[in-house]
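Chemist: I have a structure I would like to understand better, so I am pasting it below and will then ask my questions one at a time.
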Amino acid sequence: MFQNLTDHQIKAGETIKLYRIVGFQPDEDKEIAPIADHKQTEIPEGEYLLFLNGDYDEEVRHVRWFTNTPNQLFKATGGDSGTEYKNVFVSDEIPSITEEKVLDAI
Numbered sequence: 025m026f027q028n029l030t031d032h033q034i035k036a037g038e039t040i041k042l043y044r045i046v047g048f049q050p051d052e053d054k055e056i057a058p059i060a061d062h063k064q065t066e067i068p069e070g071e072y073l074l075f076l077n078g079d080y081d082e083e084v085r086h087v088r089w090f091t092n093t094p095n096q097l098f099k100a101t102g103g104d105s106g107t108e109y110k111n112v113f114v115s116d117e118i119p120s121i122t123e124e125k126v127l128d129a130i
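Here is the structure:
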């Protein structure tokens, strides 16, 4: 974990339940407006670089974690210059990112 701005700690090796918002429905009688590509719902097993928001939900009695990047999901691939994370969702916006760039940004 590089940075955690929440009150909820995540330990190394811990499994979290990740929620991915794929659309928004402003009212019951309105259509759902897509936010992310609904075809990309499968998340392959592996080590990921996640940009998350989260809060404890009393109804389900656990923290709900949501990704800040609904169209990007970065999976560790290794590489010569430290760990590289490749976007496993089809997107030309950010095809990959390195650990060094993340550390420079925070």
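Counting from 25, one number per residue, gives the positions in the sequence shown under this note's numbering.
Ideal placement from N, C-alpha and C gives every residue a C-beta, glycine not left out.
Please list the terminal residues of the continuous beta strand (DSSP E) segment that includes Val87.
Modeler: Unbroken beta strand (DSSP E) run through Val87: His86 to Thr91.
Chemist: With a Cβ-Cβ cutoff of 9 angstroms, do Thr107 and Thr91 count as a contact?
Modeler: Taking 9 angstroms as the Cβ cut-off, Thr107 and Thr91 do not qualify as a contacting pair.
Chemist: Assuming Leu127 contacts Phe113 under a Cβ cut-off of 8 angstroms, what Cβ separation, rounded to an integer in Å, is found between them?
Modeler: Not really, about 23 angstroms apart at Cβ, beyond 8 angstroms.
Chemist: Output the boundary residues of the beta strand (DSSP E) element that contains Lys110.
Modeler: Here the beta strand (DSSP E) through Lys110 covers Glu108 to Asn111.
Chemist: What is the rounded straight-line gap between the Cα of Gln49 and the Cα of Pro58?
Modeler: Near 9 angstroms, if we compare the C-alpha coordinates of Pro58 and Gln49.
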